[in-house]
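Please read the structure below before turning to the comments.
Residue numbers (the working numbering): 61 to 380.
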């Protein structure tokens, strides 16, 4: 059985190899993005991202399987690509993940062997409702758009997962880190939980990408001075990721326990780790604000690529 590698904020699989020549893959990929006018060096809106993913699936049907795994409060599709972003205002997160897809198809000759060994699952955008709202109304919106009453809109999805829920979050709806009325109350949370549980015994890594602290965070996040038994392995791989990211762009990333930054319960990385997924991390992309200039997308994407590639190689070396 293949290894399954899940990169949250992003998920996709290549497992069957058909008639498309590997030498023609980059050419066809560039034609696809030109045909739909998709620019990886800008922040695309939800509809354009969805159009790109659908065309990717159609063009590379032998390599990509796109699944609509559920719908949000506002009835937007949540896409699972088989071949990272929870917070709405963190536009750089899906931008770097989409860039990683670009890199795989642009450099397919070097990724083909990897994709014969492992499966990669990518959810490019877990919070499309909040993402679109932040584009059109309030740039710093963080939560989803679930409505509980006239004065209560939005839940922080990264406080809503059913692991130590409610221990280090807020039960006040008006605050940004509102945990929701109960564990996994949100459609988006339930959908990702279902995806994680479906093959939890085979998933070896889970990465969720946020911004903007310049950190690699490992569990547990729900309480200070609480660490998993394999913390040494998490720290070791975390430093390898950080070294690779710094080598790629010169940007330093700090590796530390999530709760040492601040305790936060109900987070997706803690939940993934609780399911037995060994390498579970939150990557906080470097920056000074949630609003990142589009001109910096390639640099940030290079950092994420370096981290992903490092984790992929670790999974292959350890489990293949």
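Built from N, CA and C at the ideal position, the CB exists for glycine as well.
Quiz item: What residue does the beta strand (DSSP E) around residue 299 start on, and which one ends it?
Solution: Translated into the one-based positions of the chain shown, residue 299 becomes position 239. Note, residue 299: premise wrong, no beta strand (DSSP E); alpha helix (DSSP H) at 291 to 309.
Self-check item: alpha helix (DSSP H) segments (min. 4 residues) lying fully within the region 162 to 223
Solution: 168 to 177, 188 to 196
Quiz item: Are residue 228 and residue 325 closer than 8 Å when you measure CB to CB?
Solution: By 1-based counting over the chain shown, the position of residue 228 is 168. By 1-based counting over the chain shown, the position of residue 325 is 265. Cβ atoms of residue 228 and residue 325: closer than 8 Å.
Quiz prompt | Buried or exposed (CB count within 10 angstroms, at least 16 for buried), residue 117 | solution = As a first step, residue 117 must be located in the chain shown, where it is residue number 57. Residue 117 should be labelled buried.
Quiz item: What are the boundary residues of the alpha helix (DSSP H) that includes residue 251?
Solution: The count along the chain shown starts at 1 and reaches residue 251 at position 191. Looking at the DSSP string, the run of the alpha helix (DSSP H) that includes residue 251 is 247 to 258.
Practice problem: Pull up the CB-CB distance for residue 230 and residue 237, whole angstroms please, since I reckon it's below 8 Å. | Solution: As a position in the chain shown, residue 230 is number 170, starting the count at 1. As a position in the chain shown, residue 237 is number 177, starting the count at 1. Sure, about 5 Å apart at Cβ, within 8 Å.
Quiz item: If we call anything under 8 Å between Cβ atoms a contact, is residue 178 one with residue 376?
Solution: Here the question's residue 178 lines up with position 118 in the chain shown. Here the question's residue 376 lines up with position 316 in the chain shown. Their beta carbons are under 8 Å apart, which means residue 178 touches residue 376 by this criterion.
Exercise. Tell me whether residue 203 is buried or exposed, calling it buried when 16 or more other Cβ atoms sit within 10 Å of its Cβ.
Key: The residue labelled residue 203 in the question sits at position 143 within the chain shown. Its Cβ being crowded by 16 or more others within 10 Å, residue 203 is buried.
Self-check item: CA-to-CA distance, residue 256 to residue 160, given in whole angstroms
Solution: Indexing the chain shown from 1 puts residue 160 at position 100. Indexing the chain shown from 1 puts residue 256 at position 196. Computed Cα separation, rounded: 21 Å.
Quiz item: So, is residue 219 buried or exposed, given that buried needs 16 or more other C-beta atoms within 10 angstroms?
Solution: Counting from one through the chain shown, the residue named residue 219 turns up at place 159. Looking at its Cβ environment, which holds 16 or more other Cβ atoms inside 10 Å, residue 219 is buried.
Quiz item: Helix, strand or coil for residue 318 per DSSP?
Solution: On the chain shown, residue 318 is found 258 positions in, with the first residue counted as 1. It is helical.
Self-check item: Sequence-distant residues of the same chain with beta carbon closer than 8 Å to residue 320, five excluded per side
Solution: Position 260 of the chain shown, counted from the start, is the residue given in the question as residue 320. Same-chain partners within the cutoff: 284.
Quiz item: With a Cβ-Cβ cutoff of 8 Å, do residue 269 and residue 357 count as a contact?
Solution: The residue you call residue 269 lines up with position 209 of the chain shown. The residue you call residue 357 lines up with position 297 of the chain shown. No, these two residues do not count as a Cβ contact at 8 Å.
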